[in-house]
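The structure under discussion appears below in the form of structure tokens.
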Amino acid sequence: MADRAETLLKAASLRARFEAEGARVVEAAILQPAEALLDLYGEDIRARAYVTSDALRGEQMLRPDFTVPVVQMHVADGAEPARYTYSGEVFRRQEHDPDRPSEFIQVGYEVFDRTDPARADAEVFALIAQALDDVPITASTGDIGILMAAVQGLKTDERRKQALMRHIWRPRRFRALLERFGGQRAVSEARAEILAGTGRVETDAPLIGKRTQAEITGRIDALRADHAAPPISETELTALETLLTIRETLPFALEHLRDVAVDLPAIGPALDRLEARITALAARGVDVDHLEFEASYGRTSMEYYDGFVFGFYRQGRPDLPPLATGGRYDALTRYLGEGAEIPAVGGILRPGLILDLQESLT
Amino acid sequence: MSLKLGVPSKGRLMDKTFAWFAKRGIELSRTGSDREYAGRVDGVENMSLVLLSAGEIPRELAAGRINLGVTGTDLVHEKLPLWEQQVEQIAPMGFGQADLILAVPRAWVDVDTLGDLDAAAAAFRATHGHRLRIATKYHRLVREFLTEAGVADYTLVDSQGATEGTVKNETAEAIADITSTGETLRANHLKILSDGMMLRSQATLWRSRVAPCRGADRKSLDELLDRIAL
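Line by line, the protein sequences are chains A and B.
Under full-length UniProt numbering, the residue at position 120 of the first sequence is numbered 120, and the numbers go up by one with no gaps.
Under full-length UniProt numbering, the residue at position 208 of the second sequence is numbered 208, and the numbers go up by one with no gaps.
And the structure:
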């Protein structure tokens, strides 16, 4: 394992690369107010981040990443376009794998630039790839935006789309919803009775707690309306299924996705963006013909990304933590910027892992 | 040194533990006054009894301060991450049965499954401006269970006792707690979700994998395991 001094030295040299590209160095407090992070990630974040508190400031978290504070800082007083770089510790609870560190150094590069998203995507990817060019790595890429566009374009009602969008990052619940909306799930006897009925569902139970009768009735109305609505078509379900399993090198993936777009035409614009990105990556010298694209990439682990996503792994070891990851997070800036969207893309490198890999080769 | 056995210091759990060992020819007893937490073991040489709160036994096992301990599966799973690496289950003891369950008001006729709970939580958050609160003392187990099930928009609130009352008191909308007969749930107008069973727990004898156990201690342990196997 690389020691701390070596890791800091490596981190400084990586950050210097980004500075040379015109990025401004930024810092973020180690103690972050927990509220924004909890709002964003929900209760799950408690399993991954250290939470502490005091009587005055309430709950605080040991910085689990830099992205959120950097976006907040940019929203507060950033000029556009902007490029930032940073280097420092992040903290992650490790309850399942004692071999993974709970504290490690990240070096990041974030681009806030709305002029040409494809070019910005390619810039971040290419700079990180160059920073790793002395170690044997393979890259995986994906695009959450294509799946999102597919969901938005389904020929079904808004409520179903919203429910699916909410669970884009929870594949199991997403699949369960899709099966229900496709009419492929049997309902329990009690539920069938409620769905078949009209009016209020009688019960002898007293209503306790903060959830009101109106909310219960409202949900029953919604369930009945959903039951009455036509199921999502077999064609669309199959197309979505095909989309989720695509895993090929970029040019073939694009071709394959264009086929899927026959049944899911709403993904067309997202595919145009993918195509523009491929062109921009090639212009940056990236070997796109051999770059892998996986439509489901990042779905379980990279929840605030909503467009291009990527990760760099040790060759032949996709099971190990990635040496670098990143992606586009326009929605996060919309969320933290209270409606003001600032297209943003960025990535982080882990100098400690890079050094470990170099060491294992000698 | 001696082989240390930790057992719950109070109530029915202690009585039943004593009875379980007695049936296997090992007499556990308290010594001194009623209020003094001291005890002895007869029937196996070189063993000592440590009386502890059931909730502290997992930690003591993991720290290696006791070799053996009696406590519920629920507490071991909740308090010890990667518990298999720290303790070994020797014998389920057939009492102290309790299920860790997720329950909501019975009046929620629209909520029977975790999927329903998730949908209700999303709507609840939009209506009330805060996430649906689930009262529990089993934070890790509940969070892992709900993450696995893909339930979002909830928050856990800590409740160390009288958890079934939190819904009526409006400090939570749902609860995750241990129940044995379901009587308290019914009395508090709550129902268990059809897929809301998180863990079936019972009093269990555990062995610490980290506590040193050599020489005479090892012999005592083998002798004890022999007795239990009968």
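Even glycine gets a Cβ: it sits at the ideal position worked out from N, Cα and C.
Report the start-end ranges of each alpha helix (DSSP H) in the stretch 190–255 of chain A that is 4 residues or longer and not cut off at the edges. If we require 4 residues or more, the alpha helix (DSSP H) runs fully inside the stretch 190–255 of chain A come out as 213–228 and 234–245.
List the endpoints of the continuous alpha helix (DSSP H) containing Trp20 of chain B. It spans Gly11 to Lys23 - the alpha helix (DSSP H) in which Trp20 of chain B sits, taken as one unbroken run.
Residues from the stretch 90–110 of chain B in contact with chain A, defined by Cβ distance under 8 angstroms: Answer set for the stretch 90–110 of chain B: Pro105, Arg106, Ala107, Trp108, Val109 and Asp110.
Nearest-angstrom Cβ-Cβ length linking Arg299 of chain A and Gly150 of chain B, presumed shorter than 8 angstroms: For a cut-off of 8 angstroms, the C-beta gap from Arg299 of chain A to Gly150 of chain B is around 12 angstroms, too long to register as a contact.
Round the Cβ separation of Ile101 of chain B and Thr166 of chain B to the nearest angstrom and send it over; I've been treating them as touching at under 8 angstroms. No, Ile101 of chain B and Thr166 of chain B are not in contact; Cβ-Cβ is about 15 angstroms, not under 8 angstroms.
What's the call for Pro318 of chain A, buried or exposed, on a 16-neighbour Cβ count within 10 Å? Under this definition Pro318 of chain A is an exposed residue.
Do you know whose CA, among A:Ile267, A:Ala49 and A:Glu27, lies nearest His74 of chain A's CA? The closest CA to that of His74 of chain A, considering only A:Ile267, A:Ala49 and A:Glu27, is found on A:Glu27.
The stretch 84–100 of chain A: which residues have C-beta closer than 8 angstroms to a C-beta of chain B, in chain order? Taken in chain order, the members of the stretch 84–100 of chain A whose beta-carbon sits within less than 8 angstroms of a beta-carbon on chain B are Glu95, His96 and Pro98.
Counting along the chain, where does the beta strand (DSSP E) carrying Lys191 of chain B start and finish? Here the beta strand (DSSP E) through Lys191 of chain B covers Leu190 to Ser201.
Using alpha carbons as the reference points, say which of B:Leu141, B:Ala38 and B:Ala203 lies closest to Leu16 of chain B. Note on identity: in this sequence residue 16 of chain B is Lys, with Leu being the wrong assignment. When B:Leu141, B:Ala38 and B:Ala203 are compared, the shortest CA-CA separation from Lys16 of chain B is found for B:Ala203.
Assumed close pair Gly11 of chain B, Gly25 of chain B - CB separation to whole angstroms, cut-off 8 angstroms: Actually they do not touch by this definition, with Cβ atoms about 24 angstroms apart.
Cβ shell of His139 of chain B (< 6 angstroms), same chain only, five flanking positions each side left out: The beta carbon of His139 of chain B sits closer than 6 angstroms to the beta carbons of Leu156 from its chain, once the five residues preceding and following it are set aside; these are given in chain order.
When DSSP labels each residue in this structure, what does Gln85 of chain B get in the three-state scheme? Secondary structure at Gln85 of chain B: helix, using DSSP grouped into helix, strand and coil.
Could you spell out the range, first to last residue, of the alpha helix (DSSP H) harbouring Gly115 of chain B? Per DSSP, Gly115 of chain B belongs to the alpha helix (DSSP H) from Leu114 to His128.
Name the two residues that bound the continuous beta strand (DSSP E) containing Leu147 of chain A. Element bounds for Leu147 of chain A: not the beta strand (DSSP E) but the alpha helix (DSSP H), Ile144 to Gln152.
Using a Cβ-Cβ cutoff of 7 angstroms, what residues of the stretch 332–346 of chain A are near chain B? List them in chain order. Listed in chain order, the positions of the stretch 332–346 of chain A with a beta carbon within less than 7 angstroms of a beta carbon of chain B would be empty, since no residue qualifies.
Can you give the Cα-Cα distance for Tyr304 of chain A and Phe124 of chain B, rounded to whole angstroms? Roughly 22 angstroms between the two C-alpha positions.
Closest Cβ-Cβ distance between Glu170 of chain B and chain A: below 8 angstroms? With its beta carbon less than 8 angstroms from one in chain A, Glu170 of chain B belongs to the interface.
Please list the partners that Phe124 of chain B has in chain A, where partner means a Cβ-to-Cβ separation under 9 angstroms. What Phe124 of chain B touches in chain A: Lys210, Arg211 and Glu215.
Going by other Cβ atoms of all chains shown within 10 Å of its Cβ, with 16 needed for buried, is Gly42 of chain A buried or exposed? Buried: at least 16 other Cβ atoms inside 10 Å.
Contact between the stretch 19–37 of chain A and the stretch 84–91 of chain A (3+ Cβ pairs under 8 angstroms): Between the stretch 19–37 of chain A and the stretch 84–91 of chain A there are three or more inter-stretch CB-CB distances shorter than 8 angstroms, so the stretches are counted as touching.
I want to verify the contact list: residues of chain A whose CB lies under 8 angstroms from the CB of Arg143 of chain B, in sequence order. For Arg143 of chain B, the chain A residues whose Cβ falls inside 8 angstroms of its Cβ are Glu43, Asp44, Arg46 and Ala47, in order along the chain.
Decide if Met148 of chain A is buried, meaning its Cβ has at least 16 other Cβ atoms within 10 Å, or exposed. Buried, because 16 or more other Cβ atoms sit within 10 Å of the Cβ of Met148 of chain A.
Considering just the uninterrupted stretch of the beta strand (DSSP E) at Thr7 of chain A, what are its terminal residues? Not the beta strand (DSSP E): Thr7 of chain A falls in the alpha helix (DSSP H), residues Arg4 to Ala20.
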